[in-house]
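I have placed the structure first, in the form of structure tokens, so that the comments after it can refer back to it.
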Amino acid sequence: GRRATGDGRRRRATGRAARASAGATPPFAMALVPEPCSSHEQAALLALLLRRPAVARAVGLAMEGRQEQGRGVLVADLREVLGDGASPPDEGALAAAAAASSPEGEEGGDAAAAGSAAASSSSGKRAASGEPSGSSPAKLRKLTLSALQRLPATCICIIASGLHGCGKSTLCNVLQEVMGGVWLNNDEMEARRREAGSGGGSSQMRKSFNVEFRALLTKTLAKANKAGRDKEAYLIFVDRCNTTKCMRGDLLNELKNRQWRKRGGKALLVDFTHASDTFGYGADGQLSKRLSEQHVALCAGRVEERGRAHQTLQPTPKLRGNLQSLAKAADAPSPEEGAQFDSRVSVDVSLPPPELAAQVLEHLRGAGWLPNLKGAEEMRPKLEVAWQAYQRAEAKWREGAALDDGPAPHVEFLAQCREAHDREQAQERAELASARIRARELEKAAAASAAAASVSS
Numbered sequence: 006g007r008r009a010t011g012d013g014r015r016r017r018a019t020g021r022a023a024r025a026s027a028g029a030t031p032p033f034a035m036a037l038v039p040e041p042c043s044s045h046e047q048a049a050l051l052a053l054l055l056r057r058p059a060v061a062r063a064v065g066l067a068m069e070g071r072q073e074q075g076r077g078v079l080v081a082d083l084r085e086v087l088g089d090g091a092s093p094p095d096e097g098a099l100a101a102a103a104a105a106s107s108p109e110g111e112e113g114g115d116a117a118a119a120g121s122a123a124a125s126s127s128s129g130k131r132a133a134s135g136e137p138s139g140s141s142p143a144k145l146r147k148l149t150l151s152a153l154q155r156l157p158a159t160c161i162c163i164i165a166s167g168l169h170g171c172g173k174s175t176l177c178n179v180l181q182e183v184m185g186g187v188w189l190n191n192d193e194m195e196a197r198r199r200e201a202g203s204g205g206g207s208s209q210m211r212k213s214f215n216v217e218f219r220a221l222l223t224k225t226l227a228k229a230n231k232a233g234r235d236k237e238a239y240l241i242f243v244d245r246c247n248t249t250k251c252m253r254g255d256l257l258n259e260l261k262n263r264q265w266r267k268r269g270g271k272a273l274l275v276d277f278t279h280a281s282d283t284f285g286y287g288a289d290g291q292l293s294k295r296l297s298e299q300h301v302a303l304c305a306g307r308v309e310e311r312g313r314a315h316q317t318l319q320p321t322p323k324l325r326g327n328l329q330s331l332a333k334a335a336d337a338p339s340p341e342e343g344a345q346f347d348s349r350v351s352v353d354v355s356l357p358p359p360e361l362a363a364q365v366l367e368h369l370r371g372a373g374w375l376p377n378l379k380g381a382e383e384m385r386p387k388l389e390v391a392w393q394a395y396q397r398a399e400a401k402w403r404e405g406a407a408l409d410d411g412p413a414p415h416v417e418f419l420a421q422c423r424e425a426h427d428r429e430q431a432q433e434r435a436e437l438a439s440a441r442i443r444a445r446e447l448e449k450a451a452a453a454s455a456a457a458a459s460v461s462s
């Protein structure tokens with residue numbers, strides 16, 4: 006037992022010496038980094054901390070084996086930061102630290118120099134304007150998270166949220182044609198289940214979708230880890246209604262279980278809205294933005310115009326009622342739920358698909374997740390070509406469905422409406438005729454009673 010204990014101590018001492026010789030970061034410095042951060046985020050945050058002379062000196066003392074002395078220097082510096090007389094690092098310093106920690110070679114060095122220049126100029130402006138330089142932990146945390154959120158992503162999950170017919174599938178198709186990636190389409194999965202004769206209803210379909218989403222996340226993260234940071238981010242487009250908190254919660258839980266953020270992944274929520282949407286109380290009693298009747302009418306009109314060119318949803322007399330029920334059951338994302346997404350963008354459902362895709366591209370470009378992404382104006386010709394190709398494919402689909410199934414969907418829908426109208430008119434005519442017959446019978450009875458009365462008198 007003593008021999009094993011001695012061997013363990015020697016191995017631990019050897020490991021500490023090896024880490025010190027290799028330049029490993031001491032434990033008290035790593036304790037400054039939040040646990041959920043990934044490796045490249047930890048590097049960015051440590052680079053930011055090492056810009057402070059006291060922190061750099063404390064790390065140097067720890068490397069020399071003087072842990073206690075370095076700990077004292079670090080504690081004194083942290084007390085100064087949390088006090089009233091220290092100046093917090095601004096956004097330029099944070100950007101410089103993030104750029105310096107990314108493996109971009111000379112470009113990373115240029116970015117770090119630019120960030121350093123921005124930091125010095127912003128601090129000079131503060132000194133010239135006489136602003137107080139007091140810092141607070143909340144502000145320091147906010148600036149740090151802002152820098153971490155702008156780091157390039159290894160994977161990006163774009164989640165669309167909207168009613169049937171709002172343009173989710175079209176947007177995902179156009180973006181996939183232009184940017185690449187994987188498109189997870191709930192309608193295609195449901196169509197395959199129907200062809201295979203699988204039952205179970207909506208609950209089973211929801212479980213199947215979550216299983217497919219989980220497998221796709223695992224596969225995408227494995228590809229990203231194998232490719233490394235030099236590869237452009239992998240994209241996942243999640244095409245489902247996602248109008249309820251329960252649906253979005255399933256996706257967020259899968260992202261959390263796969264450690265999506267910790268492994269460099271980002272999640273973007275694309276919310277389809279309409280200018281006429283107003284605030285109101287939902288089924289949960291919370292005040293939030295509700296989908297308007299104009300929003301529902303626009304989506305219903307698109308589904309009717311699309312006809313049979315869809316895997317599952319086709320125009321029926323109950324279409325508008327179903328969409329109204331979905332709109333009433335929709336839950337707007339709460340602030341707590343929105344914080345679980347890395348970013349969120351709202352797009353107008355009335356705009357054409359190329360314009361919607363351009364808005365999403367500009368948002369991704371502004372977030373800094375894809376450093377090599379071109380601007381929306383440069384990508385607009387590709388967006389227009391992808392949209393035209395989608396329209397041609399939908400037109401061919403509609404023509405094929407019309408040849409296979411007989412009359413066009415809108416013609417059949419109008420015929421059903423005319424039949425219902427004719428039935429109502431026939432019923433009204435029958436009720437009117439029966440009322441006339443009863444009136445004549447009453448007149449005859451009254452005349453007979455009057456004649457009998459005259460005869461008796």
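Quick note, the working numbering runs 5 ahead of the 1-based positions in the sequence shown. Backbone N, C-alpha and C fix where the C-beta goes; we use that ideal spot for every residue, glycine too.
Where residue i falls, given that 16 or more other Cβ within 10 Å makes a residue buried
i: residue 69; result: exposed
i: residue 464; result: The requested residue 464 does not occur in the structure, where the chain is confined to residues 6 to 462.
i: residue 271; result: buried
i: residue 457; result: exposed
i: residue 170; result: buried
i: residue 258; result: exposed
i: residue 353; result: exposed
i: residue 448; result: exposed
i: residue 162; result: buried
i: residue 167; result: buried
i: residue 285; result: exposed
i: residue 363; result: buried
i: residue 278; result: buried
Same chain, Cβ closer than 6 Å to residue i, neighbours up to 5 away in sequence not counted
i: residue 399; result: 314
i: residue 243; result: 164, 189
i: residue 372; result: 348
Rounded C-alpha distance that separates residue i from residue j
i: residue 339; j: residue 182; result: 32 Å
i: residue 265; j: residue 276; result: 21 Å
i: residue 231; j: residue 61; result: 33 Å
i: residue 105; j: residue 318; result: Residue placement at residue 105 is poorly supported in this model, since its pLDDT is 44, which falls under 50; the coordinates still yield a value, given next. Roughly 51 Å between the two C-alpha positions.
i: residue 294; j: residue 366; result: 25 Å
i: residue 423; j: residue 430; result: 10 Å
i: residue 435; j: residue 323; result: 27 Å
i: residue 467; j: residue 370; result: The question about residue 467 has no answer here: the residues shown for the chain are numbered 6 through 462.
i: residue 299; j: residue 356; result: 14 Å
i: residue 160; j: residue 79; result: 35 Å
i: residue 197; j: residue 173; result: 19 Å
i: residue 376; j: residue 404; result: 42 Å
i: residue 305; j: residue 451; result: 56 Å
i: residue 228; j: residue 238; result: 10 Å
i: residue 330; j: residue 301; result: 10 Å
i: residue 74; j: residue 67; result: 8 Å
i: residue 385; j: residue 325; result: 34 Å
i: residue 465; j: residue 383; result: The chain is shown from 6 up to 462; residue 465 falls before or after that span and cannot be answered.
i: residue 213; j: residue 267; result: 26 Å
i: residue 253; j: residue 401; result: 34 Å
i: residue 202; j: residue 245; result: 21 Å
i: residue 392; j: residue 361; result: 11 Å
i: residue 158; j: residue 341; result: 23 Å
Nonlocal neighbours in the same chain, by C-beta distance under 8 Å from residue i, ignoring five residues either side
i: residue 195; result: 210, 316, 317
i: residue 82; result: 57, 59, 60, 63
i: residue 110; result: Reliability of the predicted coordinates at residue 110 is poor, the pLDDT of 40 falling under 50, and the value obtained from them is presented with this limitation in mind. Answer for residue 110: no residue qualifies.
Own chain, CB closer than 7 Å to residue i, minus 5 neighbours either side, in chain order
i: residue 215; result: 255, 259
When the Cβ atoms of the region 167 to 181 are set against those of the region 207 to 215, are three or more pairs found closer than 8 Å?
No, the region 167 to 181 is not in contact with the region 207 to 215.
Which runs of the beta strand (DSSP E), 3 residues or longer, sit entirely within the region 165 to 218?
Here the runs fully enclosed are 187 to 190.
Ignoring anything shorter than 4 residues, give me the alpha helix (DSSP H) runs that lie fully in the region 291 to 353, in order along the chain.
Every unbroken stretch of the alpha helix (DSSP H) spanning 4 or more residues and falling wholly within the region 291 to 353 is given here in chain order: 298 to 311, 324 to 334, 340 to 343.
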